[in-house]
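S.K.: The structure follows.
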Ligand SMILES: Cc1cc2nc3c(=O)[nH]c(=O)nc-3n(C[C@H](O)[C@H](O)[C@H](O)COP(=O)(O)OP(=O)(O)OC[C@H]3O[C@@H](n4cnc5c(N)ncnc54)[C@H](O)[C@@H]3O)c2cc1C
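Numbering (this note's numbering), first residue to last: 2 to 451.
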């Protein structure tokens, strides 16, 4: 049977666009549905605007640090509206680039919400299209937890559009996005309180990294309230009132101009997709797929955040390219989830690849060897600040293989990206030792630790 498209993609975010373009390169006739702006979460309300705001937040520190190098004091204030406008202008520019990329690849964009009619048919607005193969790449959205007064809280999506700077903000959530926003807003001059359920931020990351970042955030003036058992939010004339009860029954109230949920959780965008008209199965909304991104319906695939595996842009892109190579390029391959590097754009920045110390000990037991170095980087000596960098390598003593590399400190993400290649290739500690360092850098510690 002849279909309108060889491949129809629902969702033009990181994963959807990457798959559509790669499939079109192989000669497939591809259509893509998007009801919002092109580029998805990463471009419009994730990685890109966030990183631009991270850059914006670093200037006040640089102004102060420059004085240690002989510069006269800098008097500068933030024009919040100007910054937000500049960030959104850049996002709009990228939307235009995505449109051009789709046009150049001859991928047809259908503006509208896609919904399954059956396994080969999708309604997009009032247009019905059929396709041989269909990809679900609809991403995720923030969940609103069951907290009294939660309707008064904004989400990370809203922060990028705030007309005015909140002078005082409470951030709910200890995940990487919550911590990043706490640091961004602190750097931009807000008074920040972060409310955290556990005793430490960043669950799932290496314990040393968690402790180092939490202490640095506190040193930078972010107030972190740990071990919270309940939260209630109320709107009052003074501002938004957040009452938190910690373990031990201590209760305290923080008044702020805004309360933000920063990825207290995200859930896949799979509710109103007509999945019931197909054999696609999901668990709590996350579409179940095999290693080839295949769902339970033979011609339907899913990837990215809507499958809730590792929710990162490069993962969605890699899954998409592997899928297009396999299905349309005759090059069968799967995405490898081992040693996926990731960064936390807090201040200080952190990045990591491979196993945490706890994971390594569980896997390799007593054979695990830890190499750790904590020092004040040269940059801060003249700046007169007691900022620390932490570098940690985890080695399987049986094979000498480096199974984890972690860093907290300036440019950690840029540095770990390079280290990740070595770890992915199976480099041993001896390989690290045989590598000549670049002096003077912080990164040279990775090859000089004993
Ligand atoms: C604040 C924040 C910061 C982040 N920072 C980073 C970071 O620094 N690094 C990193 O790697 N990752 C980061 N992420 C995660 C990253 O953005 C996601 O993992 C990535 O965007 C997932 O891509 P995707 O293609 O699966 O989904 P998305 O990019 O979300 O794209 C899905 C698209 O589908 C559309 N859609 C949904 N339903 C339909 C429908 N029925 N019909 C038509 N269109 C539909 C949506 O509008 C959206 O455009 C961040 C996320 C957030 C929220």
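Every residue gets a Cβ at the ideal spot worked out from N, C-alpha and C, and that includes glycine.
Let me check one thing: in DSSP terms, what residues is residue 420 bridge-paired to?
M.R.: Working through the chain shown from its first residue, we reach residue 420 at position 419. Paired residues: none, contrary to the question.
S.K.: If we count the other Cβ atoms within 10 Å of its Cβ and call it buried at 16 or more, is residue 181 buried or exposed?
M.R.: Here the question's residue 181 lines up with position 180 in the chain shown. When all chains shown are included, residue 181 counts as buried.
S.K.: Buried or exposed: residue 368, going by 16 or more other Cβ atoms within 10 Å of its Cβ?
M.R.: As a first step, residue 368 is located in the chain shown; it is residue number 367 there, counting from the start. With fewer than 16 other Cβ atoms within 10 Å, it is exposed.
S.K.: Does ligand 2 have a heavy atom nearer than 7 Å to the CB of residue 157?
M.R.: In the structure shown, ligand 2 is absent; the only ligands present are ligand 1.
S.K.: Here's a check: name, in chain order, each residue in its chain whose Cβ is nearer than 8 Å to the Cβ of residue 82, leaving out the five neighbours to either side.
M.R.: Position 81 of the chain shown, counting from 1, holds the residue named residue 82. These residues qualify, in order along the chain: 164, 165.
S.K.: Look at the Cβ atom of residue 314, then the Cβ atom of residue 15, and state whether they are nearer than 8 Å.
M.R.: Numbered from 1 along the chain shown, position 313 holds the residue referred to as residue 314. Numbered from 1 along the chain shown, position 14 holds the residue referred to as residue 15. It is a contact, given that the beta carbons lie within the stated cut-off.
S.K.: Starting from the Cα of residue 344, find the closest Cα among 280, 415, 307, 366 and give me that residue.
M.R.: By 1-based counting over the chain shown, the position of residue 344 is 343. The residue from 280, 415, 307, 366 with its alpha-carbon nearest to that of residue 344 is 415.
S.K.: In this structure, how does DSSP classify residue 158 when only helix, strand and coil are distinguished?
M.R.: Taking the chain shown and counting its residues from 1, one reaches residue 158 at position 157. In the three-state reduction of the DSSP assignment, residue 158 falls in the helix class.
S.K.: Apply the 10 Å Cβ neighbour rule to residue 71 and answer buried if 16 or more other Cβ atoms are within range, or exposed otherwise.
M.R.: Here the question's residue 71 lines up with position 70 in the chain shown. When all chains shown are included, residue 71 counts as exposed.
S.K.: How about residue 218 and residue 183: do their beta carbons lie closer than 8 Å?
M.R.: Within the chain shown, residue 218 is the residue found at index 217, counting from 1. Within the chain shown, residue 183 is the residue found at index 182, counting from 1. Yes, these two residues count as a Cβ contact at 8 Å.
S.K.: Three-state secondary structure (DSSP) at residue 195?
M.R.: By one-based count along the chain shown, residue 195 stands at place 194. Residue state, collapsed to three classes: strand.
S.K.: According to the neighbour-count rule (16 or more other Cβ atoms, all chains shown, within 10 Å of its Cβ), is residue 440 buried or exposed?
M.R.: Numbered from 1 along the chain shown, position 439 holds the residue referred to as residue 440. It counts as exposed.
S.K.: If you follow the beta strand (DSSP E) that residue 302 is in, where does it begin and where does it stop?
M.R.: On the chain shown, residue 302 is found 301 positions in, with the first residue counted as 1. 301-303 is the span of the beta strand (DSSP E), which, as asked, contains residue 302.
S.K.: Which of the three DSSP states, helix, strand or coil, is assigned to residue 145?
M.R.: Translated into the one-based positions of the chain shown, residue 145 becomes position 144. In this structure, residue 145 counts as coil in the three-state DSSP scheme.
S.K.: Run through the stretch 241-276 for me and flag every whole beta strand (DSSP E) of 3 or more residues, listed as ranges in chain order.
M.R.: 252-257, 259-262, 267-269
S.K.: Specify the secondary structure class of residue 53 as computed by DSSP and reduced to three states.
M.R.: The count along the chain shown starts at 1 and reaches residue 53 at position 52. Shown here, residue 53 sits in a helix according to DSSP, grouped into three states.
S.K.: Can you confirm whether the stretch 81-95 touches the stretch 398-418 when touching is taken to mean that 3 or more C-beta pairs between the two stretches lie within less than 8 Å?
M.R.: Segments in contact, no.
S.K.: Can you tell me whether residue 294 is buried or exposed, with buried defined as 16 or more other CB within 10 angstroms of its CB?
M.R.: If you number the chain shown from 1, residue 294 lands on position 293. Counting Cβ neighbours within 10 Å, residue 294 comes out buried, since at least 16 surround it.
S.K.: Would the beta-carbon of residue 397 be found less than 7 Å away from any heavy atom of ligand 1?
M.R.: Looking up residue 397 in the chain shown gives position 396. The answer is no for residue 397.
S.K.: Helix, strand or coil for residue 430? Go by DSSP, reduced to three states.
M.R.: Sequence index remark: in the chain shown, residue 430 carries index 429 (1-based). Note: residue 430 maps to helix in three-state DSSP.
S.K.: In terms of alpha-carbon separation, which member of 376, 346, 354 lies closest to residue 48?
M.R.: Walking along the chain shown from the start, residue 48 turns up at place 47. Of 376, 346, 354, the residue nearest in Cα terms is 346.
S.K.: Determine the DSSP secondary structure at residue 118, reduced to helix, strand or coil.
M.R.: Locating residue 118 in the chain shown gives position 117, where the first residue counts as 1. Reduced to three states, the DSSP call for residue 118 is strand.
S.K.: Can you list, in chain order, the residues of its chain with a C-beta nearer than 6 Å to that of residue 145? Leave out the 5 residues immediately preceding and following it.
M.R.: On the chain shown, position 144 is the one that residue 145 refers to. Closer than 6 Å at Cβ, skipping near neighbours: 151.
S.K.: Can you give me the Cβ contacts of residue 170 inside the same chain, cut-off strictly under 8 Å, excluding the 5 residues immediately before and after it?
M.R.: As a working note, residue 170 is residue 169 in the chain shown. Cβ within range, chain order: 186, 191, 192, 193, 194, 257, 258, 259, 260, 261.
S.K.: Which first and last residues belong to the beta strand (DSSP E) in which residue 35 is found?
M.R.: Here residue 35 refers to the residue found at position 34 when the chain shown is read from its first residue. Note, residue 35: beta strand (DSSP E), 31-35.
S.K.: Given that a residue counts as buried once 16 or more other Cβ atoms are within 10 Å of its Cβ, and exposed if not, what is residue 306?
M.R.: Translated into positions along the chain shown, residue 306 becomes position 305. Per the 10 Å Cβ criterion, buried.
S.K.: Would residue 451 be called buried (16 or more neighbouring beta carbons within 10 Å of its own) or exposed?
M.R.: As a first step, residue 451 is located in the chain shown; it is residue number 450 there, counting from the start. Exposed: under 16 other Cβ atoms inside 10 Å.
S.K.: Which of the three DSSP states, helix, strand or coil, is assigned to residue 402?
M.R.: Taking the chain shown and counting its residues from 1, one reaches residue 402 at position 401. Three-state result, residue 402: strand.
S.K.: Between the stretch 96-113 and the stretch 28-39, do at least 3 Cβ pairs fall closer than 8 Å?
M.R.: Cβ pair count under 8 Å is three or more, so yes.
S.K.: Runs of 4 residues minimum, wholly inside the stretch 327-396: which ones carry the alpha helix (DSSP H) assignment?
M.R.: 358-365, 380-384
S.K.: Are residue 375 and residue 391 closer than 8 Å when you measure CB to CB?
M.R.: Here residue 375 refers to the residue found at position 374 when the chain shown is read from its first residue. Here residue 391 refers to the residue found at position 390 when the chain shown is read from its first residue. Taking 8 Å as the Cβ cut-off, residue 375 and residue 391 qualify as a contacting pair.
S.K.: So who's on the other strand from residue 407, going by DSSP bridges?
M.R.: Translated into positions along the chain shown, residue 407 becomes position 406. BP columns for residue 407 point to 353, 393.
S.K.: Would you mind reading off the limits of the alpha helix (DSSP H) that contains residue 134?
M.R.: By one-based count along the chain shown, residue 134 stands at place 133. Not the alpha helix (DSSP H): residue 134 falls in the beta strand (DSSP E), residues 128-137.
S.K.: Could you give the DSSP three-state label for residue 236: helix, strand or coil?
M.R.: If you number the chain shown from 1, residue 236 lands on position 235. Residue 236 falls in the strand class under three-state DSSP.
S.K.: May I have the straight-line CA-CA distance separating residue 160 from residue 286, to the nearest angstrom?
M.R.: The sequence position of residue 160 within the chain shown is 159, counting from 1. The sequence position of residue 286 within the chain shown is 285, counting from 1. Taking the straight line from one Cα to the other gives about 26 Å.
S.K.: Nearest CA to the CA of residue 426: which residue from 80, 238, 339, 22?
M.R.: Taking the first residue of the chain shown as 1, we reach residue 426 at position 425. Nearest of 80, 238, 339, 22 to residue 426, Cα basis: 339.
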